[in-house]
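J.:
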Amino acid sequence: MENPQKPKLDLAQIRTRLAEKDGEEMWRGLGELAETEEFQQFLEDEIPLVARPLRFNMDRRQFLILSSASLALAGVSGCRFLPQDKIVPHVKAPEDSIPGKALYYASAVLFGGYAKGVLVESHEGRPTNIQGNPDHPASLGSSDMYTQAEVLNLYDADRSKNVQGLGSMGSWDSFLTAARDALSKQKQSGGAGIRILTETVTSPTLANQIQEVLKKNPQAKWIQYDPISQDNVKKGSQLAFGKILNTIYQFDKADRVLSFDSDFFVSGPASVRYSRDFASKRKVTKDTSEMNRMYAVESTPKLTGAMAEHRFPARASDIESLVFAVAAKLGVAGVTAPSGDVGWLDAVVEDLKANSGRGIVIAGDHLSPNVHALVHAINATLGNAGKTVVYTESIEASPTIQVDALRELVADMQGNKVEFLLILGANPVYHAPADFLFGQVLTNVPFAVHVGMHYDETGNIATWHVPETHLLESWGDARAFDGTTSIIQPLIRPIYENAKSVLEVLAALFVRPDSSDDIVKAYWQKTLGGIGFEKKWRKALNDGSIAGTAVAPILPTLLTTGFSGLTPPQPAPASTDNLEIIFAPDPTVWDGRFANNPWLQEVPKPMTKLTWDNAVLMSFATAEALRVQNEDIVELELGGKTVKGPVWIALGHPDNSITTHLGYGRTQGGAIAAGGKGVMPVNGWDGAGFDAGRLRTSNNLWFTTGVALKKVGGTWQIATTENHHIVENKSIDSQFKRDIIRVTTMEEYKKGKIGAPEYEETDKTKEEHEAKEEPETLYPAIVGGPEEKIRLTPESYDYKEFNAWGMVIDLNTCTGCSACTVACNSENNIAVVGKDLVMRGREMHWIRLDRYYKGSSDNPQTYFQPLGCQHCELAPCEPVCPVAATIHSHDGLNQMVYNRCIGTKYCSNNCPYKVRRYNFLNYSERWEEPFTVMTLARNPNVTVRARGVMEKCSFCVQRISATRIEAKKENRPIGGDEVVTACQQACPSNAIIFGDLNNPKSKVAQAKAQPQNYILLEELNTRPRATYLSRLRNPNPKLGAGKES
Amino acid sequence: MPPREKLNDSLILGEQSYKTINDKISNIVLNQNKHGIPWFICFVVGFGLLQLLGLAIMWLLYRGIGIWGPNNPVMWGWDIINFVWWIGIGHAGTLISAILLLLKQSWRNSINRFAEAMTLFAVSCAGLYPLLHTGRPYLGYWMFPYPNILGMSPQFRSPLLWDVFAISTYALVSLIFWFVGLVPDLATIRDRSKNPFFRYLFGALAMGWRGATSHWYRYESAYIILAGLSTPLVLSVHSIVSLDFAVSNLPGWHVTIFPPYFVAGAVYAGFAMVLTLAIPVRSWYKLKDFITMRHIDWMAKVMLATGLIVFYGYLCEAFFSWYSGNIFERDMLRFRAFGPYGWAYWSLIFCNGVAIQILWFPKVRQNLVVLFLLSQIVSVGMWLERFVIISVSLTRDFLPSSWGYYTPTMWDIMMFVGTIGQFTFLMFGFIRVLPMVNSFEMKELLYRLKGRGHHGHGHVAHATAGAHGDDSTAGHPAAEGEEN
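Each protein sequence line maps, in turn, to chains H and B. With this note's numbering applied, the first sequence has no gaps in its numbers, which climb one by one up to 1045 at the end. With this note's numbering applied, the second sequence has no gaps in its numbers, which climb one by one up to 1529 at the end.
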């Protein structure tokens, strides 16, 4: 009997569709393949699993047809990742491809639309690791945590895999047909209904492509919007110079820095370069003992303030008047000083003046346009402009005030003027200002296309969603902070073959379908000229940047008219009734784009040490005044909108102000990102924070006052890696008695003091000491002295015969940015354990950033200490292992033999540094799902550890071995600085130095010769190979020793 | 002396003959109807909890030790705490059987058998932990020095390896010692049994014992040699267990006083467990004539004495932490007493330092209810001691950045409760199938109390404190012969 409700399945159609699918893709049933109406209906159905048995009303014939078809076709669907190519050995091996040997390709990763040059490591066609490109000005070989984690974004299992139309499975062809249909209707009106929404674009090719579209469709509009935009910076530039200019700071030339709430170490397109330049002014040796000095005004505790000599907490809304005061003190024309006086101002201004031309005043991107304009004027007045502060034309392809552009777009959408909206890479439904109600107005658009890596909040609402390729999968280009242009080259075919790059989508819609390779190459062929192009192109690909693309600095004239009308804002009354709320990008997941990246979720946020969550940050005093504690759930109300989040006390936060980080509380876009479903269950575990963006409106994008905070009862447990559940405010600096972080001032350093705890020897105690007879003892007279060495070192082995690997970590340049932790994750296949296990203290990071406070709880000094295995020569872990699974190598490495380890855990108990990490559960291999796409990100040269095995930092022994093999092949000794560990390579501030201690010329040997070199917990006589250089402070003598304020 | 008078000043009470002793002790095994409801309850509860242990171990092997509570600073939690606790409990048995034998203390005779059994069962519980707490228990044999193609030997500097040898030796010697001591009594049961199954079973276990003089001669020699072997073990096992901690460099572990103080603590905990078992069992099985108030009194005294040594150990630890002037040691002491685990420390001081002081009063030593409760307090106190030393010390050591907190999980608790089940199950199984009081030694004691050469029946034997042990070399009264 024919079932009247059900059209017959067309087997021929199924076969052709299967042929198209290339066997790689999973399909859920024959209906999906046939794309029957019924299946579409099924997908739309709210409760499909309930609906299905009711609907499938099949008779015997159909059943037989179906079962025979499934039997016949079941084998067609193969493995998800392996292309269905025939496996034959290479008759002719591909050039440069030697199995087991990694290849490196120059490319670039994007941050806020800007390029950071990278070298991507590829093993047999599989990118596994991203490091900085030494030849690229934004990297100089270093990188940051976002760059490091980008490789995991490629292998994100939750990436969008299919074209989806109206919520059901579509195909690229059906999309193109539908889209061209929709576009053809726009022809008469000159594209009046067409809008293209992108994030910030610096890519010359993409910009060119969009301009061509706009040329063809003169009424169409292009909107750029980034939630963490530089609108205020641009407006400030317009105020000061009359146009949008790009500012480049040259910290390597600056002796004095005044930061107004800037986060230049970790955010912004040049952060890596700035960290490097800044650190170069803090490399203090006994010969060159000069160092820069930084003042930081801060509304949220940031790394800048932790590094600064003097840190002044101030509410974000009060900073503007401080800038006015500084400007007025310096005599910037037309600026009136605000009433009231700030104690530290005179000394700072005086210091800046004394170092004119050698200072930098920098303001955070979120501060008002007036602040930025004034800072330009201040830098000009101080003579810094043109010296330490350099201006260029804007790098962006089409600089706009993004929020205004978006506002216009939303108005058009509301007015039903937008008929064809192309959203390229952005996720405005999640991150557009809440008052725009983007998700609602998006439904007004009859044909909205979302091109993105995830089927996220926007993809969910848009009429069509097209999966986007990762930047390691497609061609592209982008410009760095100084204009240097890089070609982004793919290292792998798109893992999900339906994915298209933005360039390809645009080309297919408006020109003709084309691969990204041809598009990018064609553009540059036109730009660079045909003669010798191939050579230039090759060189650009090899170098990672196109020579001569950096823009030349200009010296703009300040428009004094811009300031004449400016008056300092009236200070808002500060009380707990009038709280200030600050919206800031999250230190690890940024605006939410990295929310599905487990490395970035689990790496502790540098200042707060939180993982997997955001929180309502506030000062100790404010928390006391509001009668809330850590983890208490509070409700924030602003402009009629509410959001609930847990409290976390951030020492050093200004009072009567709270900070909320954006990027959490996602509802779509991956299992990790949307773990919390945007709703916080009380005492539940499946958290992914709360969405502070729901309070963020277009007029108050960064901070505003008047937020109401109310305790709603209940707690939300937060996973923090530091002092789990311990808040000991009273003994905030008791650890300094333990001599863990050594701090000294430059003044004392020059006198020879290096921060060691002082032992006061009076004449009397000295006499007593000398008069005492040495008692008979088994212990050596001097711990670590030569006498003891003979006694304690087995067979008096002195490691002189081979290399002696050692490390020095310079606490004076370490900013605490945690790039090393993520780099180590990537290099050493370190497992991610998840929030609940972090809460139980089982995080696996081999190198951690310990954070210590000193001083008062309202404005403490913050210190960071990267800590991996110390590689003790007399390692306490070694004698206690019953099976000799941790032993010493000939070159002094404390090695962990995973295969021998039975997991008694005694080594960790006996490790005074607690750097050993244990595989309590089976973290790396899931029995249920042994082959996940994420395993492709693993480094093949590092063992994946099994359950029940101890692990720890190995000083990147695989890199040492690789270098040794190369050196042996060339029959030469290994160079002193030849081996570079992953953390060292990533470190933007050159704080980690690694090398051969036996080579006196090596950087590490020279660093160890510095007077400020010290051993952590030296009295335990573990004799670590890793040592530290004291943190130095260079306080302004007029402001005290940097201990107050 | 008033206390002495009030006490039942005797080691055997009632109208006793060799026959009555035989009857009372052997009939517990021979007459299976004697086991009433208390036995049934204990056995069934023990058996039930044993199933829980099985479940806990299966899940542990499947999922890994991540199901337990340990975390990064605190790598050892309930696993090692319970290991040390069980090992400690075992000590009283060996002390009673070996050291008291060598010291010719006749009062050990009635309690040594089940104290030894207790030792074995406690060690069997303890022995589970060192293996299961490793991440890869299937590789546990790597701890033994055996010839292998890896060319690897164990790492002999590790105290964990010393543990392996100390505990396996201890378990083995205890088992042999216990079994050798059982042989004459097994023969008695074999001879008295009318049930053919028992005759075969005990016949096989008695290993052809006929009570010949040559048998007794060899028995005595073997037994005294084994006692000599066991004696150092009493001291060595817990000393070595304590070295697991003392060898490390962790504040709170790195304490040189640990070996003697751990041994004292073990004996202390062991006697508490003997009392916990003896007090109900002597009443259920009507053994009050053999395990008299005198025995109870002496055990309480031993408990008091060892408890005071343990308390002295706490004081020493605290004093030297302060006296060292070392900030890590001093802070360790401060955190222990006033940190987040202060409750554990002060409960421990109460249990092991304050509560036992009531044992100074003779009245308390005769009050079985109070003694029973006090034994529980001591067991809890000794558990807390291990908790404070092992886990609490680990929570806060050198670098404040890695300080943590430790809480056990359901599986930690299940595993512990499961071992208690195993212990109870084995103990009550033992009571049912083997003579829990050493009947031939009791007969020997009776013989000596009645005076050499007297062969009367039905005499009340009055022992005095000094009456025992004047000549243990005297010939045995050939108890078996008399009965048959």
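Backbone N, C-alpha and C fix where the C-beta goes; we use that ideal spot for every residue, glycine too. A quick note: this is a predicted structure, and the numbers were derived from the prediction, not measured.
#1: Look at the alpha carbon of Ala363 of chain H and the alpha carbon of Ala179 of chain H, and state the distance between them as a whole number of angstroms.
#2: List the residues that DSSP assigns as beta-bridge partners of Lys641 of chain H.
#3: Counting pairs of beta carbons, one from the segment 106-116 of chain H and one from the segment 130-150 of chain H, are three or more of them closer than 8 Å?
#4: In this structure, how does DSSP classify Thr465 of chain H when only helix, strand and coil are distinguished?
#5: Quick check: what's the CA-CA separation for Val1505 of chain B versus Thr1337 of chain B?
#6: Under 8 Å: do the segment 231-245 of chain H and the segment 384-404 of chain H share three or more Cβ pairs, one atom per stretch?
#7: Taking DSSP as the reference, what is the three-state secondary structure of Thr932 of chain H?
#8: Just how far apart, CA to CA, sit Gln230 of chain H and Leu709 of chain H?
#9: I need the DSSP call for Val1089 of chain B, collapsed to helix, strand or coil.
#10: State the DSSP-derived secondary structure class of Asn355 of chain H, mapped to helix, strand or coil.
#11: In chain order, what residues of the same chain have a beta carbon less than 6 Å from the beta carbon of Val361 of chain H, not counting five sequence neighbours either side?
#12: Can you find a CB in chain B that lies within less than 8 Å of the CB of Leu197 of chain H?
#13: Taking the alpha helix (DSSP H) that Leu1322 of chain B falls in, what are its first and last residues?
#14: Does Pro646 of chain H get closer than 8 Å to chain B when you measure Cβ to Cβ?
#15: Looking at the secondary structure, which residues open and close the alpha helix (DSSP H) in which Glu1060 of chain B lies?
#16: If we cut at 8 Å on Cβ distances, does Phe1443 of chain B have a partner in chain H?
#17: List the residues of chain H that Ile1372 of chain B touches, going by C-beta distances under 8 Å, in chain order.
#18: Could you please give me the residues that DSSP links to Phe420 of chain H through a beta bridge?
#19: The ligand SAM and Leu1184 of chain B: does the residue's C-beta get closer than 7 Å to at least one heavy atom of that ligand?
#20: Could you give the DSSP three-state label for Arg851 of chain H: helix, strand or coil?
#21: According to DSSP, Gln209 of chain H sits in a beta bridge with which residue or residues?
#22: Using C-beta distances below 6 Å, list every residue in its chain close to Ser1424 of chain B, excluding the 5 sequence neighbours before and after it, in chain order.
#23: Should Leu701 of chain H and Pro433 of chain H be called a contact, given that it needs their Cβ atoms to be closer than 8 Å?
#24: Decide if His136 of chain H is buried, meaning its Cβ has at least 16 other Cβ atoms within 10 Å, or exposed.
#25: Taking Cβ-Cβ distances shorter than 8 Å, what residues in chain B pair up with Val957 of chain H?
#26: Look up Asn246 of chain H in the DSSP assignment and give the residues it is bridged to.
#27: In chain H, which residues lie less than 7 Å from Trp1121 of chain B when you measure between Cβ atoms?
#28: Between the segment 1415-1449 of chain B and chain H, which residues of the former have CB atoms less than 8 Å from a CB of the latter, in chain order?
#29: Distance, Cα to Cα, Thr1139 of chain B vs Leu1413 of chain B?
#30: Any Cβ of chain B within less than 8 Å of the Cβ of Asp261 of chain H?
#31: Where does Phe994 of chain H fall in DSSP's three states?
#32: Are the C-beta of Pro1118 of chain B and some C-beta of chain A separated by less than 8 Å?
#33: For Gly1511 of chain B, count neighbouring C-beta atoms within 10 Å of its own C-beta (all shown protein chains included) and say buried if the count is 16 or more, exposed if not.
#34: List, in chain order, every chain H residue whose beta-carbon is nearer than 8 Å to that of Ile1110 of chain B.
#35: Assuming contact is defined by CB atoms lying nearer than 8 Å, are Ala1211 of chain B and Val1282 of chain B in contact in what I supplied?
#36: Which residues bound the beta strand (DSSP E) around Asp477 of chain H?
T.: The answer reads as follows:
#1: Position 363 of the first sequence, counted from the first residue, corresponds to residue 363 of chain H. Position 179 of the first sequence, counted from the first residue, corresponds to residue 179 of chain H. Cα-Cα distance, rounded: 44 Å.
#2: Indexing the first sequence from 1 puts residue 641 of chain H at position 641. Its beta-bridge partners are H:Leu638.
#3: Counting Cβ pairs under 8 Å, three or more are found: they touch.
#4: Against the first sequence, residue 465 of chain H aligns to sequence position 465. With the sequence shown as reference, residue 465 of chain H is identified as His, and Thr is not the correct amino acid for it. Strand, per DSSP.
#5: In the second sequence, the residue the question calls residue 1505 of chain B occupies position 460. In the second sequence, the residue the question calls residue 1337 of chain B occupies position 292. Note that Val1505 of chain B scores a pLDDT of 42, beneath 50, so its modelled location is shaky; the value from the coordinates is reported in the next line. In this structure, the straight-line span from the alpha carbon of Val1505 of chain B to that of Thr1337 of chain B is close to 14 Å.
#6: Cβ pair count under 8 Å is three or more, so yes.
#7: Along the first sequence, one-based indexing puts residue 932 of chain H at 932. For Thr932 of chain H, the secondary structure class from DSSP, reduced to helix, strand or coil, is coil.
#8: As a working mapping, residue 230 of chain H is identified with position 230 in the first sequence. As a working mapping, residue 709 of chain H is identified with position 709 in the first sequence. When the Cα atoms are used, Gln230 of chain H and Leu709 of chain H turn out to be separated by approximately 29 Å.
#9: Indexing the second sequence from 1 puts residue 1089 of chain B at position 44. DSSP places Val1089 of chain B in helix when its eight states are reduced to three.
#10: As a working mapping, residue 355 of chain H is identified with position 355 in the first sequence. Asn355 of chain H: coil per DSSP, three-state reduction.
#11: Within the first sequence, numbered from 1, the residue matching residue 361 of chain H stands at position 361. Only residues of its own chain outside the window of five on either side were considered, and among them Leu258, Val375, Ile378, Asn379 have a CB closer than 6 Å to the CB of Val361 of chain H, listed in chain order.
#12: Here residue 197 of chain H refers to the residue found at position 197 of the first sequence. Taking 8 Å as the CB threshold, Leu197 of chain H stays off the interface with chain B.
#13: Along the second sequence, one-based indexing puts residue 1322 of chain B at 277. From DSSP, the alpha helix (DSSP H) with Leu1322 of chain B extends over 1303-1329.
#14: Counted from its first residue, the first sequence places residue 646 of chain H at position 646. No, Pro646 of chain H does not count as interfacial toward chain B.
#15: Counting from 1 along the second sequence, the entry for residue 1060 of chain B is found at position 15. No alpha helix (DSSP H) contains Glu1060 of chain B, which DSSP labels as neither H nor E.
#16: For the purposes of this step, residue 1443 of chain B is taken as residue 398 along the second sequence, with counting starting at 1. For Phe1443 of chain B, the answer is yes, since a Cβ of chain H falls inside 8 Å of its Cβ.
#17: By 1-based counting over the second sequence, the position of residue 1372 of chain B is 327. For Ile1372 of chain B, the C-beta contacts it makes with chain H under 8 Å involve Lys737, Arg738, in order along the chain.
#18: Walking along the first sequence from the start, residue 420 of chain H turns up at place 420. For Phe420 of chain H, the beta-bridge partners assigned by DSSP are H:Ile194, H:Phe447.
#19: Absent from the structure shown: the ligand SAM. Ligands present: none.
#20: As a working note, residue 851 of chain H is residue 851 in the first sequence. DSSP, read as helix, strand or coil, puts Arg851 of chain H in strand.
#21: Position 209 of the first sequence holds residue 209 of chain H. Per DSSP, none; premise fails for Gln209 of chain H.
#22: For this step, residue 1424 of chain B is matched to residue 379 along the second sequence. Within the same chain, Cβ atoms closer than 6 Å to the Cβ of Ser1424 of chain B are found at Ala1317, the five residues on either side in sequence being excluded.
#23: Here residue 701 of chain H refers to the residue found at position 701 of the first sequence. Here residue 433 of chain H refers to the residue found at position 433 of the first sequence. Yes. Within cutoff.
#24: Position 136 of the first sequence, counted from the start, is the residue given in the question as residue 136 of chain H. Under this definition His136 of chain H is a buried residue.
#25: Here residue 957 of chain H refers to the residue found at position 957 of the first sequence. By Cβ distance, chain B contributes nothing, its closest Cβ being about 20 Å from Val957 of chain H, past 8 Å.
#26: Walking along the first sequence from the start, residue 246 of chain H turns up at place 246. Paired residue(s): H:Thr392.
#27: The count along the second sequence starts at 1 and reaches residue 1121 of chain B at position 76. The contacting residues are Lys905, Asn909.
#28: Those residues of the segment 1415-1449 of chain B that come within reach of chain H (Cβ to Cβ, closer than 8 Å) are Leu1439, Asp1442, Phe1443, Leu1444, Pro1445, Ser1446, Ser1447, Trp1448, Gly1449.
#29: For the purposes of this step, residue 1139 of chain B is identified with residue 94 of the second sequence, where counting begins at 1. For the purposes of this step, residue 1413 of chain B is identified with residue 368 of the second sequence, where counting begins at 1. One C-alpha to the other measures close to 24 Å.
#30: Taking the first sequence and counting its residues from 1, one reaches residue 261 of chain H at position 261. Chain B, which has no Cβ nearer than 8 Å to the Cβ of Asp261 of chain H, makes this no.
#31: Taking the first residue of the first sequence as 1, we reach residue 994 of chain H at position 994. The three-state reading of DSSP puts Phe994 of chain H in strand, counting E and B together.
#32: Among the protein chains of the structure shown, namely H and B, there is no chain A.
#33: Your numbering for residue 1511 of chain B matches position 466 in the second sequence. Unreliable placement is indicated for Gly1511 of chain B, whose pLDDT of 36 sits below 50; no coordinate value is reported for it.
#34: Start at 1 with the first residue of the second sequence, and residue 1110 of chain B comes out as number 65. Ordered by position in chain H, the residues that pass the 8 Å Cβ test against Ile1110 of chain B are Gly903, Phe920, Gly948.
#35: What you label residue 1211 of chain B is simply residue 166 of the second sequence in a count that begins at 1. What you label residue 1282 of chain B is simply residue 237 of the second sequence in a count that begins at 1. Yes.
#36: In the first sequence, residue 477 of chain H corresponds to position 477, counting from 1. Unbroken beta strand (DSSP E) run through Asp477 of chain H: 476-479.
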